[in-house]
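A short worksheet on the structure shown next.
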Amino acid sequence: MVLAKSEEEIELLRLNNELVSKTLAEVAKLIRPGVTTLELDKRAEEYIRDNGAKPGFLGYNGYPNTLCTSVNSAVVHGIPKATALKDGDIVSVDCGTFLHGFYGDSAFTFTIGEVSLEVQRLIKVTRECLELGIDKAIEGLRVGDISFAVQKHAESNGYSVVRELVGHGIGRNMHEKPEIPNYGIKGNGPKLINGMVFCIEPMINMGTRQVYQERDGWTIKTIDGKPSAHFELAVVVRKGKAERLSTFRYIDEVLKSS
Ligand code: MF3
Ligand code: CO
95 MVLAKSEEEI ELLRLNNELV SKTLAEVAKL IRPGVTTLEL DKRAEEYIRD NGAKPGFLGY
155 NGYPNTLCTS VNSAVVHGIP KATALKDGDI VSVDCGTFLH GFYGDSAFTF TIGEVSLEVQ
215 RLIKVTRECL ELGIDKAIEG LRVGDISFAV QKHAESNGYS VVRELVGHGI GRNMHEKPEI
275 PNYGIKGNGP KLINGMVFCI EPMINMGTRQ VYQERDGWTI KTIDGKPSAH FELAVVVRKG
335 KAERLSTFRY IDEVLKSS
């Protein structure tokens, strides 16, 4: 099975994931108490279309929106709503694009107003989990090396790892092989090959790892109602150091100046 992408394919994946990164930064500009997740969704869709692309999630398995907006105890796949975000909330905003036959996909967890220190720590550690996973996305290692690095950092900080959902290869389909679990064993799993492109996306819970799906058929929530954080970037496996196709740089710039 061919899992590595050609450099031409990688350029198209880069265009998509760069656009996702910039779309999330547009969303970041609107983040404040009182904004609704539906308003965020509208802005993201408008920005993606203005850039000549299509929302990658809209219509995917019947998904109704451009963004997944998962608030507090929602882990992922929350559907945007007309309810306002309020002071102290956190929201994972997950965004996909489709352009020139390829997909982009990334996510960032935002804080709304003043968020408790313990929830801020959950978010910080989850983002670190992603970084530690990316550090292992190098030629010659295995998927399990990424998984192990993510799990170890989460659990050593007292958090739990969601197992029902995983990172994934990305290309002409949003979800391709290999699966990238956020838990696993060093040295296990498929070998990482130069040119493989995938999304690493730790979903880390403050309490139990157990989750359930809401009756809307989409939203995944923690069963104990405690918060969950989620970050996602798309990377290319390279020799020595992974190459990033998406970035939080634009988001961080917006958040710094706000
Ligand atoms: N971003 C999600 C993922 O990483 C995919 C959302 S699929 C949708 O797997 F159907 F909810 F759009
Ligand atoms: Co994804």
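This note's numbering applies: residue 95 is where the sequence shown begins, and numbers increase by one. Beta carbons are placed, not taken as given, at the ideal position from N, Cα and C, and that holds for glycine.
Closest to residue i by C-alpha separation, out of the options, would be which residue?
i, options, result
"Glu112", "Glu258, Lys350, Ser200 and Ile232", "Ser200"
"Asn267", "Glu101, Leu107 and Ser100", "Leu107"
"His324", "Arg309, Ser352, Gly311 and Cys293", "Cys293"
"His194", "Lys315, Leu118 and Gly265", "Gly265"
"Asn288", "Ile173, Lys230 and Asn166", "Lys230"
"Leu118", "Phe202, Leu216 and Gln214", "Phe202"
"Leu109", "Ser352, Lys350, Val348 and Arg338", "Arg338"
"Gly128", "Thr177, Gly153 and Ala147", "Thr177"
"Gly153", "Tyr277, Tyr306 and Gly190", "Gly190"
"Ile279", "Val219, Arg303 and Phe242", "Phe242"
"Gly263", "Tyr306, Asp188, Lys285 and Val291", "Val291"
"Cys162", "Glu308, Trp312, Asp346 and Asn251", "Trp312"
Please tell me whether, using a cut-off of 6 Å, the distance from the CB of residue i to the nearest non-hydrogen atom of ligand 1 is below it.
i, result
"Cys162", "yes"
"Phe151", "yes"
"His64", "The question about residue 64 has no answer, for the chain in this structure spans 95 to 352."
"Asn166", "no"
"Asn155", "yes"
"Asp183", "no"
"Asp397", "There is simply no residue 397 to check, as the chain begins at 95 and stops at 352 in what is shown."
"Asp188", "yes"
State the Cα-Cα distance for the pair residue i and residue j, rounded to the nearest angstrom.
i, j, result
"Lys335", "Leu226", "12 Å"
"Ser115", "Ser340", "6 Å"
"Glu295", "Arg236", "16 Å"
"Ala122", "Pro158", "21 Å"
"Thr131", "Tyr141", "15 Å"
"Gly172", "Asp239", "29 Å"
"Lys314", "Val330", "According to the sequence as given, residue 314 is Ile; it is not Lys. Ile314 and Val330: Cα-Cα distance of roughly 28 Å."
"Gly234", "Glu208", "43 Å"
"Leu124", "Leu134", "7 Å"
"Val170", "Ile274", "16 Å"
"Pro149", "Phe196", "11 Å"
"Glu222", "Ala248", "9 Å"
Cβ of residue i within 6 Å of any heavy atom in ligand 2?
i, result
"Cys223", "no"
* **Segments of 4+ residues assigned as alpha helix (DSSP H) that fall wholly inside the segment 156–192** => Fully enclosed alpha helix (DSSP H) runs of no fewer than 4 residues are not present anywhere in the segment 156–192.
* Who's in the neighbourhood of ligand 2, going by beta-carbon under 6 Å from any heavy atom, listed in chain order? -> Taken from the N-terminal end onward, the list reads Asp199, His262, Cys293, Glu295 and Glu326.
* alpha helix (DSSP H) runs wholly inside the segment 112–163, at least 4 long, in chain order -> Entirely contained in the segment 112–163, the alpha helix (DSSP H) runs reaching 4 residues are, in chain order, 131–144.
* Mind listing, in chain order, the continuous beta strand (DSSP E) runs of no fewer than 3 residues lying wholly within the segment 257–311? => Those beta strand (DSSP E) runs which fall completely within the segment 257–311 and span 3+ residues are 261–263, 270–274, 291–294, 297–299 and 305–307.
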